[in-house]
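Visitor: In my numbering, the protein residues as written are 993 to 1309. One structure follows; several queries about it will come next.
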């Protein structure tokens, strides 16, 4: 009797949901029409390509396609985990991401806090504009600048030689690769990444600062007890998203910068996937490597989000 009652309730709820959906579509069809291009975009370019995941479990052949290629299970994953480059790729990916997190994440916050203390509006706008400009420079141009400054007689190499470096062009040195990569990223994205923190600072209630001044708080104490708590939720959400990309070092700049002499410190999982997939044409194997990368990113994202929700009730979902 109870089972029949639950089934009847489920059928009623389903019918009610369909009716509500039809009514909502009828009353707000303009909104759904506006959202249709976005929905189609995500379906075509984000969800539909996920069918290609099965390539990671196949000995994929372009001629046979996904439906005709031989299924080999986890052989591609085993090949990657037991291959000669696995630990090097994992180490380089994690180190570049970790160094990027250490330097590229807190510095935009510090930069936004410093700008927030500037009282001269014209000077503040000038500094903001100058800091934003590098973001709009193409990655190709940025790497070209690095090659020009890092060649044997370039300015970066000359400065390094002044401090005792005698290894030739720094752009061709594996010891300098991570520093050049992270330093150029910081220069290019510092101003742009600070925008969201500047917006969060502008949303803080000014009366909180007035109350802190009445209580005798100096500028540092106001920053510590009013400003930072006011943007804490923004910092946490962006940190979670950044941790979710811990294995997602982009290959575009890497493949423009690196070469055989810098593979030891510059070759990451994304660039290796590009090399074996696009250049060597081993699509099944590259799909397996990329799938492993995505799964690790997803695990880190969910884990960091869970910890954040437990510790301070701030999360992205």
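C-beta atoms are modelled at their ideal positions from N, C-alpha and C, and glycine is treated no differently. The model shown is predicted, which means the values in this text are computed figures rather than measured ones.
Classify residue 1092 as buried or exposed, calling it buried when 16 or more other Cβ atoms lie within 10 Å of its own Cβ.
Guide: The residue you call residue 1092 lines up with position 100 of the chain shown. Burial call: buried.
Visitor: May I have the straight-line CA-CA distance separating residue 1067 from residue 1214, to the nearest angstrom?
Guide: Taking the first residue of the chain shown as 1, we reach residue 1067 at position 75. Taking the first residue of the chain shown as 1, we reach residue 1214 at position 222. In a straight line, the C-alpha of residue 1067 is about 58 Å away from that of residue 1214.
Visitor: What is the rounded straight-line gap between the Cα of residue 1040 and the Cα of residue 1237?
Guide: Translated into positions along the chain shown, residue 1040 becomes position 48. Translated into positions along the chain shown, residue 1237 becomes position 245. Their backbone Cα atoms lie some 22 Å apart in a straight line.
Visitor: Given that a residue counts as buried once 16 or more other Cβ atoms are within 10 Å of its Cβ, and exposed if not, what is residue 1216?
Guide: Against the chain shown, residue 1216 aligns to sequence position 224. Classification of residue 1216: exposed, given that the 10 Å Cβ count is below 16.
Visitor: Closest to residue 1292 by CA distance: which of 1084, 1089 and 1059 is it?
Guide: What you label residue 1292 is simply residue 300 of the chain shown in a count that begins at 1. Of the listed residues, the one whose Cα sits closest to residue 1292 is 1089.
Visitor: DSSP three-state label for residue 1155, please.
Guide: Along the chain shown, one-based indexing puts residue 1155 at 163. Coil, per DSSP.
Visitor: Okay, do the stretch 1114 to 1128 and the stretch 1172 to 1186 touch, 3+ Cβ pairs below 8 Å being the bar?
Guide: Counting Cβ pairs under 8 Å, three or more are found: they touch.
Visitor: When DSSP labels each residue in this structure, what does residue 1062 get in the three-state scheme?
Guide: Here residue 1062 is taken as the residue at index 70 of the chain shown, counted from 1. Residue 1062 falls in the strand class under three-state DSSP.
Visitor: Does the Cβ of residue 998 have 16 or more other Cβ atoms within 10 Å, making it buried, or fewer, making it exposed?
Guide: Residue 998 sits at position 6 when you count from the first residue of the chain shown. Low per-residue confidence applies at residue 998: pLDDT is 49, beneath 50, and the placement is therefore not dependable, though the value from the model is reported in the following sentence. Exposed: under 16 other Cβ atoms inside 10 Å.
Visitor: Expressed to the nearest angstrom, what Euclidean distance is found between the alpha-carbon atoms of residue 1201 and residue 1026?
Guide: Taking the chain shown and counting its residues from 1, one reaches residue 1201 at position 209. Taking the chain shown and counting its residues from 1, one reaches residue 1026 at position 34. Cα-Cα distance, rounded: 42 Å.
Visitor: Taking the CB atoms as reference points, tell me whether residue 1275 and residue 1052 lie closer together than 8 Å.
Guide: In the chain shown, counting from the first residue as 1, residue 1275 sits at position 283. In the chain shown, counting from the first residue as 1, residue 1052 sits at position 60. Cβ distance < 8 Å, so residue 1275 and residue 1052 count as in contact.
Visitor: For residue 1016, does the count of other Cβ atoms within 10 angstroms reach 16, so buried, or fall short, so exposed?
Guide: Locating residue 1016 in the chain shown gives position 24, where the first residue counts as 1. Its Cβ having fewer than 16 others within 10 Å, residue 1016 is exposed.
Visitor: Measure how close the beta-carbons of residue 1391 and residue 1262 come, nearest whole angstrom, since I'm counting them as under 8 Å.
Guide: Lying outside 993 to 1309, the shown extent of the chain, residue 1391 is not represented and no answer is given.
Visitor: In three-state terms, what does DSSP make of residue 1050?
Guide: Indexing the chain shown from 1 puts residue 1050 at position 58. Strand, per DSSP.
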